[in-house]
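Read in order, the letters of the sequence shown correspond to residues 52 to 365 in the numbering used here. Yeah, the Cβ is synthetic: ideal placement off N, Cα and C, and Gly gets one too. From a predicted model like this one, the values you see are computed outputs, not experimental measurements. Contents: one structure, followed by commentary.
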Amino acid sequence: MGKSNIDVPGSDTGSILQADLTLAALEAEAIHIFREVAGEFDRPVILFSGGKDSTLLVHLAYKAFWPAPIPFPLLHVDTGHNFDEVIQFRDDLVDKLGARLVVAKVQDWIDDGRLTERPDGTRNPLQTVPLLDSITEGKFDAVFGGGRRDEERARAKERIFSLRNAFGQWDPRRQRPELWSLYNGRHRPGEHVRVFPLSNWTELDVWRYIDREGIELPSIYFAHQREVYQRDGMWLTSGPWGGPRENEPVTEMTVRYRTVGDGSCTGAVQSEASTVDDVIAEVTASRLTERGATRADDRLSEAAMEDRKREGYF
């Protein structure tokens, strides 16, 4: 039997159908993972920042358990250096879903002396201690994260069920094989498991799924006018985290953010992409992941992310 039209290379219809099948498979895998965790663990929690990946996580959790409410609380480690649009979106979505949000503010740890402000002003690396303390205080045994394997080299090593020791640390040598969609959640008292339902998604998959499902996102993911200045090849903006140095002129540009995080180290990209379709076209043509293009903390060294993961980072 000859091949049908959908198998013909270059066929637009075939490409669209293949993309739909890919999204359906990724969605089914993620929903399966959510349900597996619900059946195997006592106190799961979803890390939620208001960014696109964690918003997608919440959407998938909603679909996994509908018409029941999401059975897990949401946890945000708030650096205090977040974009206002993202925090407003976070709060609006939590209210809409009727979810329970736990916020661990890095500023609280600084105020009581458990953390010290870094000389460079960035607070992204300071999130680890509040995260681990919140996991311990909440007695969470499974922690959902929105990490994807295409983002960064260290994350490419991650299992979907990632065992963390009693200190929240990641050791790649202790990770277990995951064959035939069988996940091993066994852990000793004090240990927990990080769970990554989006492991097999790419940035393009995320945006195509956002388009398919009509998922709302913070406005800064789309083109807008913003005053920015350039530092180390990145377009940064002023905020409570600081501003430009003497040799860093400020200019107003049309930009958007591919990822959101601590404003001191998250850069914008020049873009006219004002709709989801525009973003999909832009991401399709890109040869850099969003973290590689716009996150200064991932440029500190080749092993920056892996070092932080070993300490207990996301």
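ask   = Expressed to the nearest angstrom, what Euclidean distance is found between the alpha-carbon atoms of glutamate 229 and glutamate 80?
value = Their backbone Cα atoms lie some 13 Å apart in a straight line.
task = Assuming phenylalanine 247 and isoleucine 211 form a contact by the criterion Cβ under 8 Å, report the distance between their Cβ atoms to the nearest whole angstrom.
result = About 5 Å; that satisfies the 8 Å criterion.
request  = For glycine 290, collect the residues of the same chain with a Cβ closer than 6 Å to its Cβ; drop the 5 residues on either side in sequence, then sort them by chain order.
outcome  = Close CB contacts of glycine 290 within its chain, under the 6 Å cut and outside five residues either way in sequence, are with Gly314 (chain order).
request  = For alanine 193, write down the residues that DSSP places opposite it in a beta bridge.
outcome  = Bridge pairing for alanine 193: Pro95 and Val244 [DSSP].
request  = Within the same chain, show all residues whose beta-carbon is closer than 7 Å to that of asparagine 175, passing over the 5 residues directly before and after it, in chain order.
outcome  = Counting only Cβ-Cβ distances below 7 Å, and skipping sequence neighbours, we find Thr130, Gly312, Asp313, Cys316 and Asp348.
query = Nearest to leucine 77 by CA position, among Ser325, Glu209 and Arg259, is which residue?
reply = Of the candidates Ser325, Glu209 and Arg259, the residue whose Cα lies closest to the Cα of leucine 77 is Arg259.
query = When we look at the beta-carbon of valine 157 and count the other beta-carbons within 10 Å, is it buried (16 or more) or exposed?
reply = Valine 157 counts as buried, since no fewer than 16 other beta carbons sit within 10 angstroms of its beta carbon.
ask   = Does DSSP put glutamate 168 in a helix, a strand or coil?
value = Judged by DSSP in its simplified three-state form, glutamate 168 adopts coil rather than helix or strand.
key: glycine 236 (DSSP reduced to helix, strand or coil)   = Looking at glycine 236 - three-state DSSP - the assignment turns out to be coil, as it is neither helix nor strand.
DSSP-derived helix/strand/coil call for tryptophan 258 = Helix at tryptophan 258.
One or two residues paired with phenylalanine 212 in a DSSP bridge = Under DSSP, phenylalanine 212 shares a beta bridge with Val246.
ask   = Should isoleucine 67 be labelled buried (16 or more other beta-carbon atoms within 10 Å of its own) or exposed?
value = Exposed, because fewer than 16 other Cβ atoms sit within 10 Å of the Cβ of isoleucine 67.
C-alpha distance - alanine 115 paired with phenylalanine 85, whole-angstrom precision = Looking at the two C-alpha atoms, the distance is approximately 7 Å.
key: Nearest neighbour of leucine 107, chosen from Tyr308, Pro295 and Gly265 [CA to CA]   = With distances taken between CA atoms, leucine 107 lies nearest to Gly265 out of Tyr308, Pro295 and Gly265.
inquiry  = Measuring alpha carbon to alpha carbon, tell me which residue in Ala319, Tyr280, Phe134 and Tyr308 is nearest proline 300.
reply    = Proximity to proline 300 across Ala319, Tyr280, Phe134 and Tyr308 peaks at Tyr280, based on C-alpha coordinates.
message = Could you check whether leucine 268 and lysine 103 sit closer than 7 Å to each other, using their CB atoms as the reference points?
response = Taking 7 Å as the Cβ cut-off, lysine 103 and leucine 268 qualify as a contacting pair.
query = proline 95: buried (16+ other C-beta within 10 angstroms of its C-beta) or exposed?
reply = Label assigned to proline 95: buried.
ask   = Which residue comes first and which comes last in the beta strand (DSSP E) that contains threonine 310?
value = Careful: threonine 310 lies outside any beta strand (DSSP E) and carries neither H nor E.
task = Excluding the 5 residues preceding and the 5 following arginine 225 in the sequence, name in chain order all residues of the same chain whose CB lies nearer than 7 Å to its CB.
result = When the five nearest sequence neighbours on each side are left out, the beta carbons in the same chain lying within less than 7 Å of the beta carbon of arginine 225 are those of Leu214, in order along the chain.
message = For a quick check, are the C-beta atoms of isoleucine 121 and alanine 150 less than 7 Å apart?
response = Yes, these two residues count as a Cβ contact at 7 Å.
task = Reducing DSSP to helix, strand and coil, say where arginine 20 ends up.
result = Coverage of the chain is limited to positions 52 through 365, which leaves residue 20 absent and any answer about it impossible.
key: Closest by C-alpha distance to tryptophan 252, when choosing among Glu202, Asn235 and Gly241   = Nearest option by C-alpha distance: Glu202.
query = Secondary structure at aspartate 146, three-state DSSP: helix, strand or coil?
reply = Aspartate 146 carries a helical assignment under DSSP once its states are collapsed to helix, strand and coil.
task = Going by CA-CA distance only, name the one from Glu209, Phe273, Ser232 and Leu233 that's closest to arginine 245.
result = For the residues Glu209, Phe273, Ser232 and Leu233, the minimum Cα distance to arginine 245 belongs to Glu209.
request  = Determine the closest residue to valine 327 out of Thr288, Asp256 and Leu177, with distance taken between C-alpha atoms.
outcome  = Residue Asp256 holds the alpha-carbon nearest to the alpha-carbon of valine 327 among Thr288, Asp256 and Leu177.
query = Under a three-way DSSP split, which group does aspartate 104 fall into?
reply = Judged by DSSP in its simplified three-state form, aspartate 104 adopts helix.
ask   = If you run the structure through DSSP and keep just helix, strand and coil, what is arginine 350?
value = Summary for arginine 350: the model assigns pLDDT 48, below 50, so the residue's position carries little reliability; its value from the coordinates is reported in the next sentence. Three-state result, arginine 350: helix.
message = I'd like to confirm the pairing. Which residues does DSSP put opposite valine 128 in its beta bridges?
response = Beta-bridge pairing links valine 128 to Ala155.
inquiry  = On a Cα-Cα basis, can you pick out the residue from Gly318, Arg296 and Gln178 that is closest to valine 306?
reply    = Ranking Gly318, Arg296 and Gln178 by Cα distance to valine 306 puts Gly318 first.
request  = Report buried or exposed for arginine 199, applying the criterion of at least 16 other Cβ atoms within 10 angstroms of its Cβ.
outcome  = Buried is the call here.
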